[in-house]
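A quick write-up on the structure given underneath.
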Amino acid sequence: MITIQTNLSKHLIAIIIAILQVSPLLFVAIYYNIGITDLSSKILYAGIIFCATPALIIHLDYYLEDRHKKVTISKNNISIDRRGKVFTYPLENLTKVTVVGSKSIEGFARIFFATEPYYYAELEFTDGIKLHVTCLLFGDYINVQKALPRKYIWRIYDKFSLLPTYKY
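Each residue of the sequence shown is one higher than the one before, starting from 0 at the first, in numbering that gives the first Met the number 0.
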């Protein structure tokens, strides 16, 4: 049985990755002693905002969705505890697991944007129910493969549709 839920380390890892993405721009600003009045500083700070804002939006959305959620995957079922209400679904009714995220989540590509470490998994069942589990619960992508049967996992590499539409 595997139980997954958000914890502080997953948030810290996401924040560290975002800081590493923005750090070259911050280094340039500090090294050249760029203030806030000249044109180059405005371009530099616009670049920092451009790089960091999408990751902050995705992280906030994932956090608000998963902050009260705990997922337990056993041999036969998937149980989702959301604010004390437990939803249990048989694993045999699972038809497909679609993982939406960047190709870099598998570790084969470099991370260029702060949004690339984020992904979510959409679990589809035979009765039409779709559940979303984000990377703040799973952590590394490898944990998706450990937790769920591999025969159901599909991958979609799309850097721009990382905000799922939650239906439950």
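The beta-carbon is built from N, C-alpha and C at its ideal position, and this holds for glycine as well. Because the structure is a prediction, the values reported are computed rather than measured.
Query: From which residue to which residue does the alpha helix (DSSP H) around residue 53 run?; Result: 38-65
Query: Return helix, strand or coil for residue 121, following the three-state DSSP convention.; Result: strand
Query: Is the separation between the beta-carbon of residue 114 and that of residue 23 shorter than 9 angstroms?; Result: no
Query: Roughly how many angstroms lie between the CA atoms of residue 77 and residue 48, to the nearest whole one?; Result: 39 angstroms
Query: Taking all protein chains shown into account, decide if residue 214 is buried (16 or more other Cβ within 10 angstroms of its Cβ) or exposed.; Result: The first residue shown for the chain is 0 and the last is 167, placing residue 214 beyond what the model contains.
Query: Grab the span of the alpha helix (DSSP H) containing residue 135 for me, first residue to last.; Result: 134-137
Query: Tell me whether residue 64 is buried or exposed, calling it buried when 16 or more other Cβ atoms sit within 10 Å of its Cβ.; Result: buried
Query: Closest to residue 14 by C-alpha separation, out of 58, 118, 90, would be which residue?; Result: 58
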